[in-house]
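**Q**
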Ligand SMILES: OC[C@H]1O[C@H](O[C@H]2O[C@H](CO)[C@@H](O)[C@H](O)[C@H]2O)[C@H](O)[C@@H](O)[C@@H]1O
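Residue numbers (the numbering used here): 538 to 833.
1. What does the shell around ligand 3 hold, if a residue joins when its beta-carbon is under 7 Å from any heavy atom?
2. Given a threshold of 16 other Cβ atoms within 10 Å of its Cβ, counted over all protein chains shown, does residue 784 qualify as buried or as exposed?
3. Hey, out of 634, 587, 627, 809, whose CA is closest to residue 672's CA?
4. Using CA coordinates, which residue listed in 618, 656, 721, 593 is at the minimum distance from residue 629?
5. Suppose the cutoff is 6 Å on Cβ atoms and the five residues either side in sequence are ignored; what does the same chain contact list for residue 801 look like?
6. Provide the residue span of the beta strand (DSSP E) that contains residue 724, from first to last.
7. Is the number of C-beta pairs between the stretch 812 to 832 and the stretch 757 to 769 that are closer than 8 Å three or more?
8. If we count the other Cβ atoms within 10 Å of its Cβ and call it buried at 16 or more, is residue 698 buried or exposed?
9. Less than 8 Å separating the beta-carbons of residue 618 and residue 587?
10. Mapping the DSSP letters down to three states, classify residue 627 as helix, strand or coil.
11. For residue 597 versus residue 681, is the C-beta distance shorter than 8 Å?
12. Please tell me whether residue 575 has its Cβ less than 8 Å away from any Cβ of chain C.
13. Hey, how far is the Cα of residue 622 from the Cα of residue 668?
14. For residue 650, count neighbouring C-beta atoms within 10 Å of its own C-beta (all shown protein chains included) and say buried if the count is 16 or more, exposed if not.
15. Using the rule of at least 16 other Cβ atoms within 10 Å of the residue's Cβ for burial, across every protein chain shown, is residue 659 buried or exposed?
16. Have a look at residue 561 and residue 798 and give me their C-alpha separation to the nearest angstrom.
17. Enumerate in chain order the residues of its own chain whose CB-to-CB distance from residue 807 is below 6 Å, with the five nearest sequence positions on each side excluded.
18. Apply the 10 Å Cβ neighbour rule to residue 724 and answer buried if 16 or more other Cβ atoms are within range, or exposed otherwise.
Pasting the structure below:
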């Protein structure tokens, strides 16, 4: 049974590159298909997220056409794959620039109130992180070449390999921003998430196209509540109430199952899950390894 699952998994994953030019987009390169499979399995990047955070130097159809030409010559060597990537991609993360929040201050009121020197020092080092983790999307002339989901306002990233916004991280980030009076940055991050609701109907797991079929816990309304409790900005609520309702309805309609309690009473329970049977593009090798272990 496990072997059958593995074969099915692989069959779904290794699809031929699509050659119909009019239908090519970044997800044909970064989310599924033979090109993704070949590059990720070549081992040229120890972290599978490196490749899927790069951007294409030409249109996806050209990249896929060149890749098909390469494959016609037989299984490429690791060096040939490395050279193909160098010729067709740049990055990762080159679509973002470091951004220092305009509402950052060295000595916010909260820090002035912390008397213990070591805790004060620790809090100051945390406050300095906003300047390291702030990002802004650079102008994109060809969005179809990128895995990044562009958002209109600057934002704070988790850091390290996570170069984009994340849904539920934003809840904790907004709590931290509000604690040091950075309400403008917090508001911009809320606008970004509301922008994704407006555009896609929901907030994706994170700001890359390969996160579009995944959820994280639905914290948009609670984070707007944090913002409102701090600012009492009723205009913001009035302007965005439809976006909040749209996201709520997405969860009710798409991420809710019925469960029976011990007494037999039926309850609606919200779940977050992945709608995919393929390896995660940014965790590709780890997922194939996990399946291999199961089948062996
Ligand atoms: O801090 C960002 C997020 O990091 C982890 O999850 C993300 O990476 C996982 C591995 O690639 C991926 O499976 C998941 O979909 C991503 O959100 C962490 O588990 C998250 O809690 C966190 O938001």
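Ideal Cβ placement from N, Cα and C applies to all residues, glycine included. Bear in mind the structure is a predicted one, so any value in this text is a computation, not a measurement.
**A** To lay it out plainly:
1. As for ligand 3, it is missing from this structure, which binds only ligand 1.
2. In summary, residue 784 is buried, with 16 or more beta-carbon neighbours lying within 10 Å of its beta-carbon over all protein chains present.
3. Answer by Cα proximity: 634.
4. Comparing C-alpha distances from residue 629 to each of 618, 656, 721, 593 shows the shortest one belongs to 593.
5. Within its own chain, no residue has a Cβ closer than 6 Å to the Cβ of residue 801 once the five positions on either side in sequence are excluded.
6. Segment 720 to 737 is the alpha helix (DSSP H) holding residue 724; no beta strand (DSSP E) there.
7. Using a C-beta cut-off of 8 Å, the stretch 812 to 832 makes no contact with the stretch 757 to 769, since fewer than three inter-stretch Cβ pairs fall below that distance.
8. Taking all protein chains shown into account, residue 698 has fewer than 16 neighbouring C-beta atoms within 10 Å of its C-beta and is therefore exposed.
9. Taking 8 Å as the Cβ cut-off, residue 618 and residue 587 do not qualify as a contacting pair.
10. Looking at residue 627 - three-state DSSP - the assignment turns out to be strand.
11. It is a contact, given that the beta carbons lie within the stated cut-off.
12. The structure shown has no chain C; it contains just one protein chain.
13. When rounded, the distance between both Cα atoms is 32 Å.
14. It counts as exposed.
15. Exposed: under 16 other Cβ atoms inside 10 Å.
16. Approximately 47 Å, taken between the alpha carbons.
17. Cβ within range, chain order: 788, 792, 793.
18. Label assigned to residue 724: buried.
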